[in-house]
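Trainee:
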Amino acid sequence: MSRPTLSTYRTGNWPAYNEALKRRGSLTIWFDPEMSWNAVPTGRRGRQQTYSDAAIQTCLSMKVLFGMALRQTTGFVESLLQLVGLDWTVPDFSTLSRRQKTLAVIIPYRGSKGPLRLLIDSTGIKVEGEGEWHVRKHGGPKRRVWCKIHLGIDEETLEIRAVEITGSHIGDAPVLPDLLKQIPAHEQIGSVTADGAYDTRKCHDAIADRGAHAVIPPRKNAKPWKTVTAGAVARSEALRTSKYLGRAIWRRWSGYHRRSRVETKMHWVKLLGQRLMARDFDRQVAELQVRIAVLNGYTALGIPVTEAVG
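Throughout, the working numbering is defined as the position within the sequence shown, counted from one, plus 569.
1. From which residue to which residue does the alpha helix (DSSP H) around T643 run?
2. Check whether the Cβ atoms of E756 and L685 sit closer than 8 Å, and answer yes or no.
3. Please determine if the region 719-727 and the region 848-856 are in contact, where contact requires at least 3 C-beta pairs separated by less than 8 Å.
4. When you compare only the Cα positions, how much space is there between T796 and W822?
5. Does the region 730-744 touch the region 648-658, meaning 3 or more C-beta pairs lie closer than 8 Å?
6. Using 8 Å as the threshold, is the C-beta distance between C568 and T692 below it?
7. From the DSSP output, which residues share a beta bridge with V732?
8. Assuming R876 and G581 make a contact with CB atoms under 8 Å, what is their CB distance in whole Å?
9. Going by alpha carbons, who is nearest to P753 out of Y678, M631, T810 and P584?
10. Decide if N865 is buried, meaning its Cβ has at least 16 other Cβ atoms within 10 Å, or exposed.
11. Compute the distance between the beta-carbons of V878 and R860, then report whether it is under 8 Å.
12. Out of F635, E806 and Q858, state which residue places its alpha-carbon closest to the alpha-carbon of A791.
13. Between the beta-carbon of I694 and the beta-carbon of L649, is there less than 8 Å?
14. Under 8 Å between the Cβ atoms of L870 and R579?
15. Here's the rule I'm using: 16 or more other beta-carbon atoms within 10 Å means buried, otherwise exposed. How should D690 be labelled?
16. Would C772 and A742 be called neighbours here (beta carbons separated by less than 8 Å)?
17. Would a C-beta distance cut-off of 8 Å place S829 and W819 closer than the cut-off?
As structure tokens, then:
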């Protein structure tokens with residue numbers, strides 16, 4: 570059997586994408602004077618918050634984007650406010666640290682035009698421990714802690730639509746139903762693409778419950794399930810098709826190769842830092858969510874539109 574010819578692709582919107590890449594590096598930061606920087610009184614007993622969630626998220630976005638500590642973040646934001654002529658006060662580092670633990674991060678997204686085609690995968694990111702060179706040179710310390718990021722991105726817009734952060738001891742498959750719950754119930758999901766680690770009954774049933782098509786390769790030793798559910802029936806059909814066509818042809822026929830886009834997005838997440846600065850789990854979750862909000866903002870500026878030329 571001859572080796573298949575690899576396709577070559579060309580970026581069709583290069584001028585617009587080139588401008589989007591330039592805008593990602595722009596240091597021009599806009600503060601809307603109409604922005605609710607100060608918190609609105611809640612009417613509850615006790616001391617009221619001074620700064621709104623939007624103000625805290627803005628400061629933490631600067632921290633994540635430029636890789637600064639909390640004290641340097643306060644000085645950076647204060648200088649920006651002075652440059653734009655706003656007399657707003659800046660939260661100190663202890664306020665940022667305290668509010669980060671309970672912050673409800675707003676992750677912007679545009680949404681796709683048709684049914685959502687969700688691409689799902691997970692990766693690990695370092696929380697504690699020395700770098701790889703230090704470990705190879707002096708040996709690993711007793712405590713090297715990692716956490717896992719589970720992402721679901723929109724295939725059309727490349728925006729992150731669902732995210733879960735767990736410990737390193739949590740597998741991939743148990744988290745998929747929680748990722749699907751983050752998609753609004755009124756939004757239609759067309760397909761869910763994931764690797765063979767998600768080839769479980771709960772994953773297929775959760776996908777079928779949302780009326781979506783599962784693009785998950787059956788495991789090499791997979792056998793038909795005896796249970797009669799919508800997810801089991803769809804999985805049995807995929808199993809028969811992959812055995813009849815072969816796994817390589819099934820991957821091309823089903824469009825499984827598109828899952829590589831979520832792996833690229835994970836690389837983007839790590840470009841903002843190979844490790845987390847926060848030590849508390851709740852603060853780690855907020856730090857990663859702020860990263861994702863920043864990345865979605867970058868993606869909204871423009872993405873490449875490629876087309877096969879041969």
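Built from N, CA and C at the ideal position, the CB exists for glycine as well.
Given the structure is predicted, the values throughout are model-derived calculations rather than measurements.
Mentor: Let's see:
1. Run containing T643: L639 to V653, per the alpha helix (DSSP H) assignment.
2. Going by C-beta atoms, E756 is nearer than 8 Å to L685.
3. With a cut-off of 8 Å, the region 848-856 and the region 719-727 do not count as touching, because too few Cβ pairs lie within range.
4. CA-CA distance, T796 to W822, rounds to 27 Å.
5. With the rule of 3 Cβ pairs closer than 8 Å, the region 648-658 does not count as touching the region 730-744.
6. What is shown of the chain runs 570 to 879, which leaves residue 568 out entirely.
7. Answer is L720, bridged to V732.
8. With the sequence shown as reference, residue 876 is identified as Glu, and Arg is not the correct amino acid for it. So it is a contact: roughly 5 Å between Cβ atoms.
9. It is Y678.
10. If you draw a 10 Å sphere on the C-beta of N865, you find 16 or more other C-beta atoms in it, and that means buried.
11. R860 sits away from V878, with the two beta carbons spaced by 8 Å or more.
12. Checked all of F635, E806 and Q858; the closest Cα to A791 is E806.
13. Contact flag unset, no.
14. No. Outside cutoff.
15. Buried is the label assigned to D690, since at least 16 other Cβ atoms lie within 10 Å of its Cβ.
16. In this structure, A742 lies closer than 8 Å to C772 by Cβ.
17. No, they are not a contact pair.
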